[in-house]
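Participant:
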Amino acid sequence: MKLLEGKKGIIFGALDDKSIAWKVAESCVAHGAKITLTNAPVALRFGTINELGEKLNAEIIPADATNLEDLENLLTKSMEILGGKVDFILHSIGMSVNVRKKREYTNIKYEWMQKTFDISAISFHKLMQTTLKLDAINDWGSVLALTYIAAQRTFPDYNEMAESKALLESFARSFGYHFGDQKKVRVNTISQSPTMTTAGSGVKGFDEFFGYADRMSPLGNATAEACADYCVTMFSDLTRYVTMQNLYHDGGFSMMGMSEKVLKG
Ligand SMILES: NC(=O)c1ccc[n+]([C@@H]2O[C@H](COP(=O)([O-])OP(=O)(O)OC[C@H]3O[C@@H](n4cnc5c(N)ncnc54)[C@H](O)[C@@H]3O)[C@@H](O)[C@H]2O)c1
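Under the working numbering, the first residue of the sequence shown carries the number 349, and numbering increases by one thereafter.
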């Protein structure tokens, strides 16, 4: 079963083999796609993305997702390397400066908050606007970003990432309208279960919370590999009329009030 045969894509955010984007890149290639990989220049130095590039025979193009020139260069080079416009893009980027520097939500530093919004949410708008301007994606293409349910419900230690994700999801809806109207391109966000990655485990109390979410979800937490499967279906031609949606990929967590496993501890 090769759902992405003949398709070309760009995957942001593979830092190491725990990254959700790492698993998505592997699945896309296994399903027949040709891809380029990208990450921030600093992540290229500290992460292990080169291994993934070699394994998947995919070129790595550095780009700070907040920098418009980097994004233009990434899209132009990807089209050269892949031999034409792309069909899908994954935005898998998240970073909170206040979380990283351990600032409480009620004592936030606003310059850092703006930086967080730029990296974690506005970069998604910048990416889509640059893609549209350069006419870099084929009609009926698919753009995805990864998000978290803290956009809708309160999770105290998620800090300013909650607002970042709310903004990200809103960009998917608003840009999804324009992209759909002009190019038949669909834009969605996937709201993933807690996942043991560098970004995930940076949140205070993540281990306990991971277990709680697992016991609360009737299917248990969705893994990064399962998220990759879902991304592949969303990039494939089987989901061409799904757009402007926030899609929960969380084992049922988002619909739960209480579960027996949580009640009984
Ligand atoms: N891990 C979880 O529990 C979880 C749950 C739901 C959603 N998500 C989301 O999934 C996405 C991927 O995160 P992950 O959990 O795989 O962690 P990760 O740490 O492996 O990935 C985050 C990526 O963002 C990249 N990044 C940071 N600043 C950047 C910049 N300026 N330009 C380009 N890239 C930049 C990092 O280099 C890294 O590769 C994020 O949007 C995250 O919020 C994660």
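By construction, the Cβ of each residue, glycine as well, lies at the ideal position given by its N, Cα and C atoms. Remember, predicted model here, so these are calculated numbers, not experimental data.
Among Glu452, Ser541, Asp487, Met592, which residue has its Cα nearest to the Cα of glycine 600?
Facilitator: Ranking Glu452, Ser541, Asp487, Met592 by Cα distance to glycine 600 puts Ser541 first.
Participant: What alpha helix (DSSP H) runs, 4 residues minimum, are completely inside the segment 408–455?
Facilitator: List check, alpha helix (DSSP H) in window: 416–430, 445–448.
Participant: Less than 8 Å separating the Cβ of serine 518 from some heavy atom of ligand 1?
Facilitator: Not under cutoff, so the answer is no.
Participant: Return the chain-ordered list of same chain residues with a C-beta closer than 8 Å to the C-beta of aspartate 466, the five sequence neighbours on each side being excluded.
Facilitator: Here the set comprises Thr414.
Participant: Excluding the 5 residues preceding and the 5 following aspartate 505 in the sequence, name in chain order all residues of the same chain whose CB lies nearer than 7 Å to its CB.
Facilitator: Once the five neighbours on either side are set aside, the close Cβ partners of aspartate 505 are Val551, Lys552, Gly553.
Participant: So who's on the other strand from arginine 341, going by DSSP bridges?
Facilitator: The requested residue 341 does not occur in the structure, where the chain is confined to residues 349 to 613.
Participant: Measuring from the CB of threonine 545, is there a heavy atom of ligand 1 at a distance below 8 Å?
Facilitator: Within the cutoff, so yes.
Participant: Nearest CA to the CA of lysine 366: which residue from Lys356, Glu399, Leu352?
Facilitator: Comparing Cα positions, the closest option is Glu399.
Participant: Using a Cβ-based criterion (distance less than 8 Å to any ligand heavy atom), does alanine 499 qualify as near ligand 1?
Facilitator: Not under cutoff, so the answer is no.
Participant: Write down the C-beta distance between leucine 438 and alanine 369 rounded to the nearest angstrom, noting that I regard them as a contact closer than 8 Å.
Facilitator: Sure, about 6 Å apart at Cβ, within 8 Å.
Participant: Flag this pair as yes or no: are the beta carbons of isoleucine 456 and asparagine 507 separated by less than 9 Å?
Facilitator: Cβ distance < 9 Å, so isoleucine 456 and asparagine 507 count as in contact.
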